[in-house]
Amino acid sequence: MSKTALVLFSGGQDSTVCLAWALDRYDRVETVGFDYGQRHSVELEARRTVRAKIAEGFPDWAGRLGEDHMLDLKGFGEVADSALTADRAIEMTEKGLPSTFVPGRNLAFFVYAAALADRRGLRALVGGMCETDFSGYPDCRRDTLDAVQAALNLGMAQDFVIETPLMWLTKAETWALARGLGGTGLVEIVRTDSHTCYLGERRTLHAWGHGCGTCPACELRARGWEAWVAAGRPTLGPESRP
Ligand code: ZN
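Every letter in the sequence shown is one number past the one before it in numbering that gives the first Met the number 0, and letter 38, counting from 1, is 37.
Right under this line is the structure:
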């Protein structure tokens, strides 16, 4: 039986590495992105570029890379209004969560992804959620995702597996995994073509990639890159498990 996966793919650093991870181990991989009324369409453009560059640079993976799906979740964005979807400053809220937290976002993503995977015959749902270097998002916790997996399988009479290859990796280790999966060619795609900056800034290319350099997402990405470089740009095998 062929192994199939659907990668939740935003065009960011983490989901780009997840896409490579999935292409390394599944026979057929499709991608899904969500348009929930983000302030910046740069993320959506990054998705197209990253997919094209991966297909171009990795012929083995190109044969496994299937369709890309874009789902409209603007209605959800209107309900779960936050700094990412409305003009609001990025700050800490009373609950100790960053204002960039979109309540229920990952939960909604997985419901939509599972409905799509059901229709497309895909079994693994792969997401870049991470508890290390944790931004305090409660829906990135593995406990949350274990509960989501159980709920999806019960509610859809399915056998989905939610895979989170980055869950226990630091941002430096994510760069190391990129190198382990696809060498410096993949590192370069992640560095120059993936997009993480909350402000949608693409004009400046830093050592660690494009971005404003000061928002929390840029700071996390820059710190991870610097730690990886300081460690001598190590390689992490794709077989590495938490
Ligand atoms: Zn930024």
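The beta carbon of each residue, even a glycine, is placed where N, CA and C say it ideally should be.
Where does D145 fall in DSSP's three states?
Helix.
Does T243 pass the burial test, meaning 16 or more other C-beta atoms within 10 Å, or should it be called exposed?
Since the first residue of the chain shown is 0 and the last is 241, residue 243 is not available in this structure.
Between which two residues does the beta strand (DSSP E) holding R27 run?
27-34
Note down, one range per segment and in chain order, each beta strand (DSSP E) of at least 3 residues found wholly within the segment 136-184.
160-162
Closer than 8 Å is the cut-off here; do at least three beta carbon pairs connect the segment 133-146 with the segment 174-190?
With the cut-off at 8 Å, the segment 133-146 and the segment 174-190 do not touch.
Considering only C-alpha positions, which residue in the set S40, P233, S1 is nearest to L22?
S1
Can you tell which of T30, W227, A123 has the C-alpha that lies nearest to the C-alpha of H68?
Of the candidates T30, W227, A123, the one whose C-alpha sits nearest the C-alpha of H68 is T30.
Between the Cα of V189 and the Cα atoms of Y197, H209, R202, E200, which residue gives the shortest distance?
H209
Is it buried or exposed for S9, if we count other Cβ within 10 angstroms and need 16 for buried?
buried
Going by other Cβ atoms of all chains shown within 10 Å of its Cβ, with 16 needed for buried, is A149 buried or exposed?
A149 should be labelled exposed.
Pick out whichever of N105, G120, L115, A114 has its Cα sitting closest to the Cα of G127.
N105
Nearest-angstrom Cα distance between I161 and P237?
17 Å
How many angstroms separate the CA atom of F57 from the CA atom of F109?
28 Å
At what residues does the beta strand (DSSP E) containing T48 begin and finish?
That residue, T48, is in no beta strand (DSSP E); its alpha helix (DSSP H) goes 41-56.
How is A123 classed by DSSP in three states: helix, strand or coil?
Correct three-state label for A123: strand.
If you check the beta carbons only, do H205 and E42 fall under 7 Å apart?
no
Consult DSSP for T195 and reduce its assignment to one of helix, strand or coil.
coil
Secondary structure at L219, three-state DSSP: helix, strand or coil?
helix
When you compare each of E200, K170, L180 to R220 by their alpha carbons, which one comes out closest?
In terms of CA proximity to R220, K170 leads the group E200, K170, L180.
Should G210 be listed as close to the ligand ZN, given that the test is whether its C-beta is under 6 Å from any heavy atom?
yes
Exposed or buried, which one is R118 when buried takes at least 16 other CB atoms within 10 Å?
exposed
Closer than 8 Å by C-beta to A61: which residues in its own chain qualify, once you throw out the five before and the five after it? Chain order, please.
I53, A54, E55, listed in sequence order.
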